[in-house]
Amino acid sequence: MSPPFRSDPGSESDDRVLSASVAMRPVVDMNAGIPATSTEVAYRLPTAAAVERIQTAFREIGFDVGAEFAGTFSITGRRSLFERVFSSWPKDRFSTAALAEATETELELPTSDVADALGDDAEEVQAVFFTAVPEFGPFDP
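Following this note's numbering, the numbering of the sequence shown begins with 1 at its first residue and continues without gaps.
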């Protein structure tokens, strides 16, 4: 598992690169009682058209956008871009130390901050979140 950031040399004020995941809403609610069979797996994913629209919207905002896999894709950009787009999230929570110490529930960004940019497709986004830093390896806090 990779950390949600790549540290650049220097102080916390550096405009380093951050990466977050965007989870799309499936076509059918995962708890709708549909068995998870190979025949039904397509219902547990978003439509390809919805993914393309949301990826395009994040590109237009200024993020680099990764390929979709299993209903999620990554967005990558400078810390300043994340701070501008997710403006209701406290700026100090974007620091390397805060991200390294955050619990899983503290890593979710407010999707309401991108609702205007996503327009009618905003409901297609289930969550935008940083990945927790692993508790082992070179990024062990």
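Note that beta-carbon positions come from the ideal geometry of N, C-alpha and C, so glycine has one too. Since this is a predicted model, take the numbers as computed values, not measurements.
- Secondary structure of Ala98 (DSSP, three-state): helix.
- Put simply, of Glu52, Leu81, Val85 and Phe86 the residue whose alpha carbon is nearest the alpha carbon of Phe73 is Glu52.
- Annotation: Ile75 to Pro46 spans about 17 Å, alpha carbon to alpha carbon.
- Judged by DSSP secondary structure, Val27 falls outside any alpha helix (DSSP H); it is assigned neither H nor E.
- Approximately 23 Å separates the beta-carbon atoms of Phe129 and Ala49; this is outside 8 Å, ruling out the contact.
- Closest by C-alpha distance to Arg79, out of Phe69, Glu68, Val65 and Thr96, is Thr96.
- Annotation for Glu104: Ala132 place their beta carbon closer than 7 Å to its own, counting only its chain and skipping 5 residues before and after.
- The residue from Pro110, Pro26 and Val22 with its alpha-carbon nearest to that of Val41 is Pro26.
- Take Ala117, set aside five residues on each side of it, and the residues of its chain with a beta-carbon closer than 6 Å to its own are Ala57 and Ile61, in chain order.
- Its chain contains Leu18 and Phe94 as the residues whose beta carbon lies nearer than 7 Å to that of Phe82, once the 5 sequence neighbours on both sides are disregarded; these appear in chain order.
- Taking C-beta separations shorter than 6 Å and ignoring five residues to either side along the sequence, the partners of Gly71 in its chain run Met24, Leu45 and Pro46, following chain order.
- At a cut-off of 4 residues, the continuous stretches assigned as alpha helix (DSSP H) that sit fully inside the segment 42–127 are 48–61, 79–85, 96–101 and 115–118.
- Note on geometry: alpha-carbon atoms of Gly77 and Gly66 lie some 11 Å from one another.
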